[in-house]
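*Asks:* I am attaching a structure below and will ask some questions about it afterwards.
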Amino acid sequence: AAEALARDSGVSPAVARERVAAQAALSRTSAAVEAALSPSSSAGSWLDARTGTVTVAVTTAAAAAQARALGVTPQRVAHSGAELSRVRQDLDGWARTEGAGQVVSWGVDEQTNTVRVRTTAGADDATTAAFVRHARRHGSKVAVTTTTARVQPMADLLGGQQIEFSGSVCSVGFTARTAKGSPVMLTAGHCAEDYATFSSGGTLIGTTTAYSFPGDDYARAPIAAGWTPRGRVSTWDGGSVAVTGSAAAAVGAAICKSGRTTGWTCGTVRAKNQTVSYSNADGSTSVVSGLTETSTCTEGGDSGGANMSGTQAQGLTSGGAGYGGRGLCGEKVRQPNISYIQPLGEALRAYRLTLVTG
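Going by my numbering, the first residue of the sequence shown is number 1062, and it counts up by one from there.
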């Protein structure tokens, strides 16, 4: 995790190790500050790896003073969180009624104080052009960028290990228990479409009882007798990381993911509440909202895998940017890594589950 933070932020490895050690406490501070400030005069917060402090975007002198009183660094910006959220909601609505074409994602980028719209480089179809024109009507609140990647779902029981279904593979996310104490496995919703039956190494795990995709991207399946659910995540080197909770990490925090294709890879949390339009094999698209963007390396088969910040469970790998015919992650072709995760808390609440911890 420290190595990834150093790579993404430009700080030294020694400083990065200090930042990773402090990020759980700083993430709690970040959440408390965002709860205290009004979205009409603030616009999100993030961890600044260079200074080791929490920075919060504010639009008024009063909000800046309140931020300083809370012990964080204010940064004056032009647009409030409420304004940017309305822009994102407008684009979500446009995508539902008019389509998004080859626009691959959009959402608030706290650090640039814009709604970032990411579209496919060279796209010239009418639907994409209409979406981008509509987005640009919001002026400086929107920043349009391009990518050459294809953004798609990344189609003891430990988080991250391989699971098989219908000739395909995904990865285990986390294990949890129902209100009655029954063990269940959580993975990506697109892995569980049509109520897939999962196995691992030829041994039955269970058949999906509920899934949400598109819109969201999570699913649950009961764990068959013979499997022991563990509150741990595989690091793919013979070891594992204990899961002690599910406190959300702040933007800027280091994060690592476990998946059957690329193993244990690390990056940073880039943005939250992103809407993504995934390209499907049949040429259609599936729109998923509320995702967190990270800079971990993910590829096909990593879907559903566990994402961790320290010992805190963050979410399930949903999809990411694949470059070239083999869908490689960015770092393998000297491009940025782009990965999206389904926040875990939403799935736990939806199914009324308690996370298994280790």
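Ideal placement from N, C-alpha and C gives every residue a C-beta, glycine not left out.
Every value quoted in this text rests on a predicted model; they were computed, and no experiment measured them.
(1) Should the region 1194-1213 be called in touch with the region 1377-1391, which here means at least 3 C-beta pairs below 8 Å?
(2) Does the region 1094-1109 come close enough to the region 1302-1313 to have 3 or more Cβ pairs within less than 8 Å?
(3) Out of curiosity, what's the CA-to-CA distance linking GLU1064 and VAL1081?
(4) Would the region 1328-1339 and the region 1266-1274 be scored as touching if the rule is three or more Cβ pairs under 8 Å?
(5) Helix, strand or coil: which one does DSSP assign to PRO1100?
(6) Taking the alpha carbon of ARG1293 as the point to measure from, which residue in THR1418, GLY1406 and ALA1332 has its own alpha carbon closest?
(7) Among the candidates ALA1367, MET1369, GLY1381 and VAL1348, whose CA atom is the shortest distance from the CA of CYS1358?
(8) Starting from GLU1225 and walking both ways along the beta strand (DSSP E), at which residues does that stretch end?
(9) Do TYR1279 and ALA1408 count as a contact pair if the criterion is CB distance below 8 Å?
(10) Note the first and the last residue of the continuous beta strand (DSSP E) segment covering VAL1138.
(11) Given that a residue counts as buried once 16 or more other Cβ atoms are within 10 Å of its Cβ, and exposed if not, what is ASP1186?
(12) Got a sec, what are the start and stop residues for the alpha helix (DSSP H) ARG1194 sits in?
(13) What are the residues that DSSP puts in a beta bridge with CYS1428?
(14) So for ASP1277, helix, strand or coil by DSSP?
(15) Do ASP1277 and GLY1250 have their beta-carbon atoms positioned less than 8 Å apart in this structure?
(16) So for VAL1072, helix, strand or coil by DSSP?
(17) Going by DSSP in three states, GLU1254 sits in which element: helix, strand or coil?
(18) In whole angstroms, what is the alpha-carbon distance linking GLY1168 and GLY1287?
*Replies:* Taking the coordinates as given:
(1) The region 1194-1213 vs the region 1377-1391: in contact.
(2) yes
(3) Cα-Cα distance, rounded: 10 Å.
(4) no
(5) coil
(6) THR1418
(7) GLY1381
(8) 1223-1226
(9) At a Cβ-Cβ threshold of 8 Å, ALA1408 and TYR1279 count as neighbours.
(10) First-last for VAL1138: undefined, no H or E at that position.
(11) exposed
(12) 1187-1197
(13) The structure shown does not extend to residue 1428, since the chain spans only 1062 to 1419, so no value can be given for it.
(14) coil
(15) A distance below 8 Å separates the beta carbons of GLY1250 and ASP1277.
(16) Coil, per DSSP.
(17) coil
(18) In this model, GLY1168 and GLY1287 are separated by some 43 Å (Cα to Cα).
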